[in-house]
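Just so you know, we're using the numbering used here here: the sequence shown kicks off at 5 and counts up by one. Each residue gets a CB set at the ideal place from its N, CA and C atoms; glycine is no exception.
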Amino acid sequence: MAVFALRSDDQYLVDTDGGSYVVDAGSDTCTCPDHGIRGRRCKHLRRVDMEIGIGRVPAPGERVAACAVCGAGVFVPAREAGAVLCGAHRPAVGSFVRDREADKLLVVTGVTRTRADEYRTSDGTRISDYGTNAEYGDHEPVVEAVYVGNAMRSPGPLDVSGRKRYGFPASRLRRLAPDERPHKPVIGI
Ligand SMILES: [Zn+2]
Ligand SMILES: [Zn+2]
């Protein structure tokens with residue numbers, strides 16, 4: 005039995021040796037005779053529930069989007085637009101990353117859905133227009149971060165207004181392996 009999410013809302017195609025049926029997870033119905041005639045919760049409905057549970061197919065209200073860095077499928081809310089990142093390429097807010105160009109340490113303050121060729125800095129420049137970003141995809145979502153030395157000099161929470169915050173195409177920031185993370189105070193870096 006194979007399950008495929010259909011593009012229309014909440015519907016799944018279930019292919020079996022005995023035939024192909026459409027399950028509607030929103031109304032809990034199936035086109036098979038078992039459900040249609042006897043009104044039972046058929047094996048196709050149960051199979052769709054199971055595949056949603058283990059993350060093989062998107063849940064109702066979700067769609068599959070491609071990670072902007074590696075192309076892997078990611079489930080996102082169906083009505084949410086914008087660039088997305090998979091778990092492997094999406095840095096956690098508050099995590100340390102290294103800028104591949106300047107080789108400097110930063111802390112991530114936000115992961116946006118805005119592409120590098122749409123996100124503009126305060127002076128109106130697109131992130132993709134900076135020469136240092138030429139090697140990174142214009143379609144990648146912008147990750148916002150602050151340089152660590154800068155962050156530590158200013159008291160209060162990160163990313164308050166007025167703090168110097170920079171945007172980067174996602175793949176320009178390298179996530180750090182556990183043994184690369186600073187475990188001493190980073191003041192002065
Ligand atoms: Zn069925
Ligand atoms: Zn990815």
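Looking at Val-97 and Pro-71, is the spacing between their C-beta atoms short of 8 Å? Position 67 of the sequence shown, counting from 1, holds the residue named residue 71. Position 93 of the sequence shown, counting from 1, holds the residue named residue 97. The sequence shown places Cys at residue 71, rather than the Pro named in the question. Not in contact: Cys-71 and Val-97 (Cβ atoms no closer than 8 Å).
Thr-113, DSSP secondary structure in three states: As a first step, residue 113 must be located in the sequence shown, where it is residue number 109. Three-state DSSP puts Thr-113 in a strand.
Using three-state DSSP, classify Asp-103 as helix, strand or coil. One-based indexing of the sequence shown puts residue 103 at position 99. Three-state result, Asp-103: strand.
According to DSSP, is Pro-81 helix, strand or coil? The residue given as residue 81 occupies position 77 in the sequence shown. Pro-81 falls in the strand class under three-state DSSP.
Assigned secondary structure, Gly-23 (DSSP; H/G/I helix, E/B strand, else coil): Position 19 of the sequence shown, counting from 1, holds the residue named residue 23. DSSP places Gly-23 in strand when its eight states are reduced to three.
DSSP beta-bridge partners of Val-97: Residue numbering aside, residue 97 sits at position 93 when the sequence shown is read from its first letter. Answer by DSSP bridge pairing: none, since Val-97 is not bridged.
Let me confirm a value: Ser-132 is counted as buried when at least 16 other C-beta atoms fall within 10 Å, else exposed. Which label applies? The residue you call residue 132 lines up with position 128 of the sequence shown. Ser-132 should be labelled buried.
Check this for me: beta carbons of Arg-169 and Arg-104, under 8 Å apart or not? Start at 1 with the first residue of the sequence shown, and residue 169 comes out as number 165. Start at 1 with the first residue of the sequence shown, and residue 104 comes out as number 100. No, they are not a contact pair.
Using a Cβ-Cβ cutoff of less than 8 Å, which residues in the same chain neighbour Glu-194 once the five nearest sequence positions on both sides are dropped? Residue 194 lies beyond the residue range present for the chain, which begins at 5 and ends at 193; the question has no answer from this structure.
Counted within 10 angstroms of its Cβ, other Cβ atoms place Ile-56 as buried (16 or more) or exposed: As a position in the sequence shown, residue 56 is number 52, starting the count at 1. Classification for Ile-56: buried.
Compute the minimum distance between the beta carbon of His-143 and the heavy atoms of ligand 2, and state whether it is under 7 Å. Counting from one through the sequence shown, the residue named residue 143 turns up at place 139. It does not: the Cβ of His-143 is nowhere closer than 7 Å to a heavy atom of ligand 2.
Rounded to whole angstroms, what is the Cα-Cα separation between Arg-102 and Arg-185? If you number the sequence shown from 1, residue 102 lands on position 98. If you number the sequence shown from 1, residue 185 lands on position 181. Approximately 10 Å between the Cα atoms of the pair.
Taking 7 Å as the cut-off, is the beta-carbon of Ala-92 closer than that to any non-hydrogen atom of ligand 2? Start at 1 with the first residue of the sequence shown, and residue 92 comes out as number 88. Within the cutoff, so yes.
Measuring straight from C-alpha to C-alpha, what distance separates Pro-64 and Gln-15? Locating residue 64 in the sequence shown gives position 60, counting from the first residue. Locating residue 15 in the sequence shown gives position 11, counting from the first residue. Answer to the nearest angstrom: the Cα atoms are 8 Å apart.
Where Ala-69 and Arg-11 are concerned, what is the direct C-alpha to C-alpha distance, given to the nearest angstrom? As a first step, residue 69 must be located in the sequence shown, where it is residue number 65. As a first step, residue 11 must be located in the sequence shown, where it is residue number 7. About 12 Å.
Three-state secondary structure assigned by DSSP to Val-73: Working through the sequence shown from its first residue, we reach residue 73 at position 69. If DSSP states are grouped into helix, strand and coil, Val-73 belongs with coil.
Who are the near neighbours of Ser-277 in its chain, counting only those whose CB is closer than 8 Å to its CB and skipping five residues on each side? It is not possible to answer for residue 277, since the shown part of the chain is limited to 5 through 193.
Which of the three DSSP states is assigned to Asp-28 in this structure? One-based indexing of the sequence shown puts residue 28 at position 24. Correct three-state label for Asp-28: strand.
Between Ala-149 and the rest of its own chain, which residues show a CB-CB distance below 7 Å, the 5 nearest in sequence each way excluded? Residue mapping note: residue 149 aligns to position 145 of the sequence shown, counting from 1. Only Val-101, Leu-110, Val-111, Val-112, Thr-113, Tyr-170, Phe-172, Leu-177 meet the Cβ criterion.
Continuous alpha helix (DSSP H) stretch holding Glu-55: start and end: Position 51 of the sequence shown, counted from the start, is the residue given in the question as residue 55. 47-57 is the extent of the alpha helix (DSSP H) around Glu-55.
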